[in-house]
RNA sequence: GGUCAGAUGGCCGAGCGGUUAGGCACAGGUCUGCAAAACCUGAUACAGCGGUUCAAGUCCGCUUCUGACCUCCA
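This is the structure we're talking about:
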């Protein structure tokens, strides 16, 4: 059942058999958020995708060290390296300390991650906490001759690097194309080549976040932190490096160059990239103005939305598409997911009430195999979900007494649903009402059943309609009356 | 302009050489006081034009359209 796992590797543009360097240990690094504003829904999709990968590797028995950084400094804005640090810029506007901004959005990010049931990574390092490591890395790259210093700033020499390495391995672009098609930006007199990028930036008088270094008081370049922190926690060469597909051409390309220049090793075996969330066919992004925040989606408070959708509906919606495909957001698609998710969870809830027969008309093993097959094929969650709907159909049929299942298969079915719905997909039942609602409802349901058995349908319908209006739906079955929250 | 991806039924989305993915919506049926749910059955599909093959959404070429990246982005 645990056949080989295949993972699509951006480096080779193929699905490759996954082989951990140090099995059962797996090192995985994913580029985390820059905490200068709220994470929008598109950001969330990436972290949900890697959450599934993390969860499935764990499920297969790997011991995963999952490192996802927080960029709380060093991420420049505007034209290449001439801009200001994003965090500092925001801080000046709001008259806040940079760390105050970083703290605020870090807390917000964690909240959203938790609401969406995304597991925390094993290590979540901060860029500001690793300036020393970053400075050391710059020193090494300078020593190896792949960088040069100009007036307190240090730049990576891309053309020199490309003479002995392939700078475009990940993006599939060659240097000539890049050179001829890259816009020449102003204010870059210090750089020798137009593709060169900053490793260390000398602080300007107005720079708020700055650290001493051998070259100047300044700040590290953005690409540096991931190289420094992945090496610190996962070593020079680890298993999986991930991030959004939009990080390929610049951030990850530069990261590889830094690592190769410093130690001659490409950081990771498998490069995994998640695709974008689109709205009406266009990438969701802040600059296009079509992005919205998770809490707006939950509450429905955004003009794009007809209504709010629960966090698990959002998660389910995203898992119904493969992580490497673009996923288009629409109200219709959300509503379809909402109903589908309810259907799945409804049958999941029925599982505990199923009775085993002495014979069986279903065989769960092959269904289970197909679930593993789906996930082993580059984490194909939509196919997994299709299989789980088959399980759902079986559960409902058994519950209705239309299908027989024996104890052994029932146990397998329970294991299957628990493993895949809860552990791997990370879905959870949002209907589980705490408090004392069940008792109150049972009382009301009993009242209605009394009316029903005396054929007082006027009263029984009145009760049912009344509950419907406050969001409780009653369903009469052979075994009695059930209720669910709508 | 350059580079790279896509175009699948009313909608969302898998599949990528031969066998109806799945969900939502729709139609018919079973059950039920009626609903709802559930179950059964059904109809719609692979952008266009050529080619390869016994066989092509699935491979190749061209055309059209869309998107991403080339500048910060998950």
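In the numbering used here, the protein residues as written are 415 to 900. Even for Gly, the Cβ is constructed at its ideal location relative to N, Cα and C. This one's a predicted model, so the numbers in the text were calculated from it and none came from an experiment.
Status (buried if at least 16 other CB within 10 Å, exposed otherwise) for residue 658: buried
Residue 803, buried or exposed, once every other Cβ within 10 Å from all chains shown has been counted against 16: Residue 803 is exposed by the Cβ-count criterion.
When the Cα atoms are used, what is the spatial distance from residue 663 to residue 687? 12 angstroms
Taking the alpha carbon of residue 737 as the point to measure from, which residue in 618, 439, 456 and 888 has its own alpha carbon closest? 456
Which of the three DSSP states is assigned to residue 660 in this structure? DSSP places residue 660 in helix when its eight states are reduced to three.
Hey, how far is the Cα of residue 780 from the Cα of residue 787? 10 angstroms
Which residue from 465, 473, 566 and 481 puts its Cα closest to that of residue 528? 465
Does the distance from the C-beta atom of residue 542 to that of residue 500 stay below 9 angstroms? no
Would you identify the three-state DSSP class for residue 666, choosing helix, strand or coil? In this structure, DSSP gives residue 666 a helical state, which the three-state scheme calls helix.
How is residue 784 classed by DSSP in three states: helix, strand or coil? Residue 784: helix per DSSP, three-state reduction.
I'd like the list of long-range same chain contacts for residue 425, defined as Cβ closer than 7 angstroms, with 5 residues on each side in sequence excluded. 583, 584 and 685
Any idea if residue 516 is buried or exposed, counting beta-carbon neighbours within 10 angstroms, 16 or more meaning buried? buried
Using three-state DSSP, classify residue 637 as helix, strand or coil. helix
When you compare only the Cα positions, how much space is there between residue 417 and residue 790? 7 angstroms
I need the straight-line Cα distance from residue 798 to residue 854, nearest angstrom please. 38 angstroms
Please name the residue in 574, 727, 521 and 777 whose C-alpha comes closest to that of residue 607. 574
So, do the segment 462-482 and the segment 544-559 have three or more beta carbon pairs nearer to each other than 8 angstroms? Here the segment 462-482 does not lie against the segment 544-559, with fewer than 3 beta-carbon pairs under 8 angstroms apart.
Who are the Cβ neighbours of residue 778 in its own chain at under 6 angstroms, not counting the five residues just before and after it? Setting aside the 5 residues that flank it on each side, residue 778 is surrounded in the same chain by 823, 826 and 827, each with a C-beta closer than 6 angstroms to its C-beta; the list follows chain order.
Have a look at residue 566 and residue 487 and give me their C-alpha separation to the nearest angstrom. The alpha-carbon atoms of residue 566 and residue 487 are separated by roughly 19 angstroms.
Nearest CA to the CA of residue 616: which residue from 563, 813, 650 and 580? 563
May I have the straight-line CA-CA distance separating residue 758 from residue 587, to the nearest angstrom? 44 angstroms
Spell out the partners DSSP gives residue 687 in its beta bridges. The partner list for residue 687 (beta bridge, DSSP) reads 657.
Enumerated in chain order, which unbroken segments of the alpha helix (DSSP H) with a length of 4 residues or greater are wholly contained in the segment 810-898? 821-831, 851-867 and 871-883
Rounded to the nearest angstrom, what separates residue 554 and residue 639 at their Cα positions? 14 angstroms
Which two residues bound the contiguous beta strand (DSSP E) that contains residue 612? 611-616
Could you give the residue range of the beta strand (DSSP E) that holds residue 742? Start and end: 741-743.
Which runs of the beta strand (DSSP E) at least 3 residues long sit entirely within the segment 541-612? Give them in chain order. 561-564 and 567-570
Is residue 453 helix, strand or coil when you go by DSSP? coil
Can you tell me whether residue 891 is buried or exposed, with buried defined as 16 or more other CB within 10 angstroms of its CB? exposed
By alpha-carbon positions, which one of 421, 442 and 470 ends up nearest to residue 538? 442
Please list the terminal residues of the continuous beta strand (DSSP E) segment that includes residue 631. From DSSP, residue 631 is part of no beta strand (DSSP E); its letter is neither H nor E.
Assumed close pair residue 740, residue 692 - CB separation to whole angstroms, cut-off 8 angstroms: Residue 692 and residue 740 do touch by the CB rule: their CB atoms are close to 5 angstroms apart, below 8 angstroms.
Flag this pair as yes or no: are the beta carbons of residue 819 and residue 761 separated by less than 9 angstroms? For residue 819 and residue 761, no; Cβs fall outside 9 angstroms.
Nearest to residue 648 by alpha carbon, out of 879, 444 and 518? 444
Pick from 814, 422, 833 and 511: whose alpha carbon is nearest that of residue 623? 511
Just to check my reading of the structure: residue 793 and residue 470 have Cβ atoms closer than 8 angstroms, yes? What is that Cβ distance to the nearest angstrom? 6 angstroms
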